[in-house]
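Residue numbers (the numbering used here), protein chains in the order written: chain D, 1 to 501; chain F, 502 to 986. Heads up: the structure comes next, in structure tokens.
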Amino acid sequence: MISNWPILTIITFLPMIGVAFLLMIRGDEEVVARNARNVALWVSGFTFVISLALVLNFDAQAAGYQFEERAEWLPGSGISYHLGVDGISMPFILLATFLSPLAILASWKAITHRVREYMIAFLVLETMMVGMFASLDMLMFYLFFEGVLIPMFIIIGVWGGKRRVYAAFKFFLYTLLGSVLMLVCMLAMYIDAGTTDIPMLTAHGFAATMQTWLFLGFLASFAVKVPMWPVHTWLPDAHVEAPTAGSMILAGVLLKMGGYGFIRFSLPMFPLASEFFAPLIFALSIIAVIYTSLVALAQSDMKKLIAYSSVAHMGFVTIGIFTLTEQGVAGAMFQMISHGLVSAALFFCVGVVYDRLHTREISAYGGVAAVMPRYAVFFMFMMLASVGLPGTSGFVGEMLVLVGAWKASSWVALFTATGLVLGATYMLWLYRRVMFGKIVSAEVEAMEPIGRREVMIFVPLTVLVLWFGVYPASLLDVMAGSIQVVLDSVAAGGAFVIAGR
Amino acid sequence: MFVFQMADIMPALPEIFLAAVALVLVLVAAYGGETAANARRVTQFAMAGIAIALLLVINSDQVITSAFGGMFSADAFAGFMKALVLLGTFAALAMSIRTSGDDDINKPEYSLLILLALVGMMLMISADNLMALYMGIELQSLPLYVVAAMRTSSLRSSEAGLKYFLLGALSSGLLLYGASLVYGIAGTTDFNGIALALAGQDLPPVFIIGMVFMICGLAFKISAAPFHMWTPDVYEGSPTLVTALFAIAPKVAAISLLMRLTYGAFGGIADQWQQVLVALSVASMVIGALGAIMQTDIKRMMAYSSIAHMGYATAGLAAGSVAGATGVMIYMTGYVFMGAGTFAIILLMRRDGAEATKIVDLKGLSRTHPSLAVGLLIMMFSMAGIPPLAGFFGKWYVFLAAVEAGLVPLAIIGVVTSVVGAFYYLRIIRLMYFDDTETPLDAGIPIANRMVLGASLAVVLLFFAGLGSLLGAADTAAVALIMAR
Chain D
1 MISNWPILTI ITFLPMIGVA FLLMIRGDEE VVARNARNVA LWVSGFTFVI
51 SLALVLNFDA QAAGYQFEER AEWLPGSGIS YHLGVDGISM PFILLATFLS
101 PLAILASWKA ITHRVREYMI AFLVLETMMV GMFASLDMLM FYLFFEGVLI
151 PMFIIIGVWG GKRRVYAAFK FFLYTLLGSV LMLVCMLAMY IDAGTTDIPM
201 LTAHGFAATM QTWLFLGFLA SFAVKVPMWP VHTWLPDAHV EAPTAGSMIL
251 AGVLLKMGGY GFIRFSLPMF PLASEFFAPL IFALSIIAVI YTSLVALAQS
301 DMKKLIAYSS VAHMGFVTIG IFTLTEQGVA GAMFQMISHG LVSAALFFCV
351 GVVYDRLHTR EISAYGGVAA VMPRYAVFFM FMMLASVGLP GTSGFVGEML
401 VLVGAWKASS WVALFTATGL VLGATYMLWL YRRVMFGKIV SAEVEAMEPI
451 GRREVMIFVP LTVLVLWFGV YPASLLDVMA GSIQVVLDSV AAGGAFVIAG
501 R
Chain F
502 MFVFQMADIM PALPEIFLAA VALVLVLVAA YGGETAANAR RVTQFAMAGI
552 AIALLLVINS DQVITSAFGG MFSADAFAGF MKALVLLGTF AALAMSIRTS
602 GDDDINKPEY SLLILLALVG MMLMISADNL MALYMGIELQ SLPLYVVAAM
652 RTSSLRSSEA GLKYFLLGAL SSGLLLYGAS LVYGIAGTTD FNGIALALAG
702 QDLPPVFIIG MVFMICGLAF KISAAPFHMW TPDVYEGSPT LVTALFAIAP
752 KVAAISLLMR LTYGAFGGIA DQWQQVLVAL SVASMVIGAL GAIMQTDIKR
802 MMAYSSIAHM GYATAGLAAG SVAGATGVMI YMTGYVFMGA GTFAIILLMR
852 RDGAEATKIV DLKGLSRTHP SLAVGLLIMM FSMAGIPPLA GFFGKWYVFL
902 AAVEAGLVPL AIIGVVTSVV GAFYYLRIIR LMYFDDTETP LDAGIPIANR
952 MVLGASLAVV LLFFAGLGSL LGAADTAAVA LIMAR
């Protein structure tokens with residue numbers, strides 16, 4: 001019975017109903033703030049519960065898209081309202097619906113002014129994220145992909161730190177510049193294929209020279225989103241200035257849009273160009289992994305350090321995707337989900353101490369473990385997951401990426417592995433400086449241990465990181481079929497274009 | 502010679518009706534006196550007239566589209582564009598109703614002149630002959646010169662009126678000179694006749710000169726760069742109410758006329774004018790985007806913004822295809838509503854009763870006037886072309902046409918300048934949301950502004966929902982424009 005429901009539409013637009021509720025709240029500021037928090041939490045929590053139906057009804061054996069919905073939008077133009085998920089997009093939708101209530105919970109006390117507007121921005125953001133992963137129409141994908149910029153710009157700009165204006169502008173304009181080049185490519189694809197339907201575009205087979213240009217256009221957009229070196233510079237600024245919950249969503253979900261785009265568009269639609277440009281991507285990713293790891297080592301700001309570590313980790317993702325091997329792509333996917341959970345948790349870790357001491361300078365901390373023992377445990381676990389300790393989700397992704405990289409080129413694998421060592425260095429060093437040693441000041445000593453709300457955020461994240469670490473098959477099995485379809489179309493698409501033109 | 506017939510009345514009924522209303526209102530204005538109450542009465546009559554004209558336009562059966570010996574064409578294209586012009590003018594007039602009589606442009610003749618200009622705009626849209634073209638332009642321009650200079654106590658307003666008049670006269674001269682050359686070669690003033698005369702002919706250089714002169718003359722009217730110099734000064738100097746009108750309706754009329762001329766009379770020689778339009782488009786997009794960054798006055802900024810918007814519309818026009826015409830119509834639809842919504846807010850930028858139109862006056866608006874701030878936020882994102890708002894779809898369709906016509910570099914320049922443009926739209930959002938203020942703007946939102954803003958917001962936000970039917974209407978109109986030849 002449930003299979004007849006337009007479940008993807010419901011998940012996508014349910015947060016907008018929350019927005020309508022939020023707009024109707026009346027009363028003085030205190031009442032509005034309290035109600036806004038509750039409405040946002042309940043709506044996003046309810047959205048998550050409904051999205052669980054995707055997991056329960058998902059058939060990992062089926063090859064194509066599931067939960068498909070199609071409705072007429074622009075008749076006769078090959079553009080329609082088309083939603084659907086496969087093993088690649090489904091985990092991302094869950095990631096988005098899972099992190100949204102946690103992010104709202106994380107801003108429970110940190111956001112004290114304009115709470116209603118804040119919650120509206122978050123719910124709009126959730127709609128945009130889910131819609132983007134659920135879209136099976138390129139124009140719709142673009143609407144959601146770009147639409148994300150509006151709430152995120154507001155979130156960084158209004159509730160951000162000191163240099164929030166600069167960070168918000170940089171984030172917006174950087175991303176927009178990449179995206180509009182992709183837009184021109186989308187126009188060219190639409191004209192060539194006569195449709196914006198993603199499954200039909202995948203089967204279309206673009207001419208080899210056209211593939212090259214299209215690939216570069218899409219690269220301009222996705223490379224900024226991922227972000228890849230050298231267009232990563234917006235990320236540290238945006239992360240440092242964004243409020244904690246903004247960083248959680250930014251690192252947890254928004255960065256994944258680039259990687260998802262590569263797997264959904266670049267690989268199956270431009271297979272020849274993907275193979276041709278793979279060495280370029282490897283080079284950029286290796287620079288990202290090593291260079292940003294070194295930069296992370298030199299940071300004195302905790303959030304900035306974790307932001308740079310995100311760039312390094314996303315370097316693994318792009319390497320994995322462009323190995324064009326089963327292990328590599330699966331590893332990249334796994335790494336994205338894992339990084340989504342771990343980086344969100346790490347940013348929350350920073351947020352927890354920031355709420356208490358109002359500084360992110362590493363030197364202001366020291367000996368925190370003695371004051372906040374439970375917090376120290378969670379932080380350590382997430383730190384180790386980020387480093388890739390076996391038994392956590394971080395290990396599986398990095399391991400698979402390395403296997404894939406080894407298949408593609410032993411040099412790539414060698415350099416990538418260097419990044420692992422560097423990653424362990426900066427994370428462990430960060431942990432030592434913040435957590436151990438003498439208690440540096442009276443303020444640190446006076447910090448409260450974490451409360452029930454904070455534990456409620458840490459526990460689900462920890463459980464999932466551990467679950468995927470010890471039982472990775474639960475996620476890998478869901479993705480395997482769809483990844484195989486993508487890789488088959490890469491192989492077949494390449495052969496088809498060579499033979500056909 | 503042709504004989505005046507009843508069949509000529511029907512296609513031109515909306516224009517004839519509005520002209521009649523205007524003539525009646527002359528008497529009302531003259532005998533009612535210079536009071537604010539009379540001004541209000543005239544405005545309300547004019548608005549009612551526009552509403553009826555709009556109904557007439559929408560309900561026209563379009564069985565007979567051509568009237569007055571082919572001078573006048575009331576086809577589906579004319580219907581589409583006239584609806585936009587009527588809506589835009591209606592909104593501008595609605596917002597001009599003031600209860601107090603302190604404002605020195607609060608005079609009965611204001612609405613009257615605008616009504617006459619409106620008839621001129623509608624004639625421009627329907628013009629199918631060089632004579633009708635010129636007549637329409639002059640009927641539109643002359644009343645607008647007067648309203649630009651209407652604030653007699655203000656030097657800026659007089660300057661704006663004079664500047665508008667001088668450059669308008671210059672552009673009319675260019676247009677007329679070009680028309681004479683075109684007539685000289687084609688031997689007829691009828692657009693269909695010109696198209697027929699040019700078909701298969703080896704075009705002499707004199708004709709090309711005439712054609713370029715005509716396009717440049719119209720480029721003045723749509724304020725496409727490099728013929729844009731007057732726009733910022735006139736926008737800034739004119740009373741804001743007048744600026745709101747300038748920014749919307751005349752642009753639609755002028756670009757419709759440009760479309761009639763290029764797709765109609767010069768439809769067979771697209772390769773001759775395409776490069777001219779590409780040059781205009783690139784120049785407008787670049788100058789519009791870069792010029793706006795430096796502005797401190799929101800009216801000047803909107804002037805540059807409109808220059809950029811005309812650049813985007815011209816990009817679709819340059820494609821020279823049905824898709825291009827459709828794209829321009831979609832773009833202009835979004836443009837009218839974005840303009841109306843934005844000016845509904847700019848008109849409220851007053852402090853202690855005086856106009857406060859510096860961009861920094863918007864500081865902290867999200868705290869003092871939350872609903873206005875949200876409205877302007879959405880309008881600015883839409884103007885920047887961020888999906889899923891109206892502005893994005895306009896850009897999508899004009900650049901689709903441009904890419905389809907092989908003008909990929911034009912599309913790339915367009916999207917890159919739109920990122921530059923996003924910067925100054927974001928600056929407004931930044932001032933409203935990221936900054937605070939000690940000196941709030943005046944409170945209170947008149948009902949007219951609220952209605953205009955609400956309607957514009959609804960259109961801009963839900964553009965994607967109505968896009969299917971809008972696209973159908975625009976496509977019919979584009980086919981009517983091009984295939985009628």
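Positions of the beta carbon are idealized from the N, C-alpha and C atoms, including for glycine.
Beta-carbon contacts of residue i that lie in its chain and below 6 Å, excluding the five residues immediately before and after
{"i": "F/S659", "result": "A650"}
{"i": "F/L617", "result": "A523 and P644"}
{"i": "D/V455", "result": "none"}
{"i": "D/R163", "result": "E241"}
{"i": "F/I606", "result": "M651, R652 and P740"}
From the options, residue whose alpha carbon lies closest to that of residue i
{"i": "F/S822", "options": "F/G789, F/T843, F/Q775 and F/L631", "result": "F/Q775"}
{"i": "D/R360", "options": "D/D301, D/A283 and D/Q335", "result": "D/D301"}
{"i": "D/S77", "options": "F/A633, F/T827 and F/A906", "result": "F/T827"}
{"i": "D/V486", "options": "D/P268, D/S285 and D/L461", "result": "D/P268"}
{"i": "D/I150", "options": "F/L927, F/I846, F/L587 and F/T938", "result": "F/L927"}
{"i": "D/I511", "options": "D/T425, D/S135 and D/L272", "result": "Outside the shown range of chain D, which is 1 to 501, sits residue 511 of chain D, and nothing can be said about it."}
{"i": "F/F546", "options": "F/A687, F/V783, F/A520 and F/K664", "result": "F/A520"}
{"i": "F/A726", "options": "F/I770, F/Y813, F/G711 and F/L697", "result": "F/Y813"}
{"i": "D/A417", "options": "D/F436, D/H313 and D/S393", "result": "D/H313"}
{"i": "D/A288", "options": "D/L346, D/P227 and D/K162", "result": "D/P227"}
{"i": "F/A824", "options": "F/F882, F/V529 and F/A979", "result": "F/A979"}
{"i": "F/F935", "options": "D/A103, D/V115 and D/W159", "result": "D/W159"}
{"i": "D/W73", "options": "D/I7, D/M140, D/F46 and D/A33", "result": "D/M140"}
{"i": "F/K864", "options": "F/G895, F/I929, F/P910 and F/S642", "result": "F/I929"}
{"i": "D/G157", "options": "D/G194, D/Y118 and D/T195", "result": "D/Y118"}
Nonlocal neighbours in the same chain, by C-beta distance under 7 Å from residue i, ignoring five residues either side
{"i": "D/N35", "result": "I25"}
Same chain only: Cβ atoms within 8 Å of residue i, ignoring 5 sequence neighbours per side
{"i": "D/P91", "result": "M333, I337, L475, V478 and M479"}
{"i": "F/I559", "result": "G580 and A584"}
{"i": "F/L758", "result": "M625, I626, A628, L634, G637, I638, L719 and K722"}
{"i": "F/A798", "result": "According to the sequence as given, residue 798 of chain F is Asp; it is not Ala. The residues are E737, T858, K859 and I860."}
{"i": "F/A513", "result": "A568, F569, F573, A575 and S627"}
{"i": "D/I88", "result": "Y260, I263, R264, M333, M479, S482, I483 and V486"}
{"i": "F/A885", "result": "G892, S919, G922, A923, Y926 and L927"}
Where residue i falls, given that 16 or more other Cβ within 10 Å makes a residue buried
{"i": "F/E516", "result": "buried"}
{"i": "D/G320", "result": "buried"}
{"i": "F/Q796", "result": "buried"}
{"i": "F/P751", "result": "buried"}
{"i": "F/T741", "result": "buried"}
{"i": "F/I770", "result": "buried"}
{"i": "F/D772", "result": "exposed"}
{"i": "F/M984", "result": "exposed"}
Meets three-Cβ-pair contact criterion under 8 Å: the stretch 824 to 839 of chain F and the stretch 965 to 978 of chain F: Contact between the stretch 824 to 839 of chain F and the stretch 965 to 978 of chain F is present, because at least three Cβ pairs lie under 8 Å.
Any beta strand (DSSP E) of 3 or more consecutive residues that is wholly inside the stretch 772 to 841 of chain F: none
Within the stretch 114 to 147 of chain D, ranges of the alpha helix (DSSP H) (whole runs, at least 4 residues): If we require 4 residues or more, the alpha helix (DSSP H) runs fully inside the stretch 114 to 147 of chain D come out as 115 to 134 and 138 to 147.
Entirely enclosed alpha helix (DSSP H) segments - the stretch 855 to 894 of chain F, minimum 4 residues: 866 to 869 and 871 to 884
Cβ pair count under 8 Å reaching 3, the stretch 157 to 175 of chain D against the stretch 942 to 954 of chain F: no
Inter-stretch contact at 8 Å, needing at least 3 Cβ pairs: the stretch 397 to 409 of chain D / the stretch 321 to 328 of chain D: yes
Complete alpha helix (DSSP H) runs within the stretch 905 to 986 of chain F (minimum length 4 residues, chain order): 909 to 934, 948 to 962 and 964 to 984
At least three beta-carbon pairs within less than 8 Å, the stretch 123 to 132 of chain D to the stretch 9 to 22 of chain D: yes
Inter-stretch contact (C-beta, 8 Å, three-pair minimum) for the stretch 904 to 916 of chain F and the stretch 182 to 194 of chain D: yes
Cβ contact check for the stretch 234 to 249 of chain D and the stretch 97 to 106 of chain D: 3 or more pairs under 8 Å: yes
At least three beta-carbon pairs within less than 8 Å, the stretch 193 to 211 of chain D to the stretch 249 to 260 of chain D: no
Every unbroken beta strand (DSSP E) inside the stretch 398 to 464 of chain D [3 residues or more]: none
The stretch 363 to 378 of chain D contacting the stretch 434 to 451 of chain D, beta-carbon criterion three pairs below 8 Å: Remark: three or more beta-carbon pairs, one from each stretch, lie closer than 8 Å, so the stretch 363 to 378 of chain D and the stretch 434 to 451 of chain D are flagged as touching.
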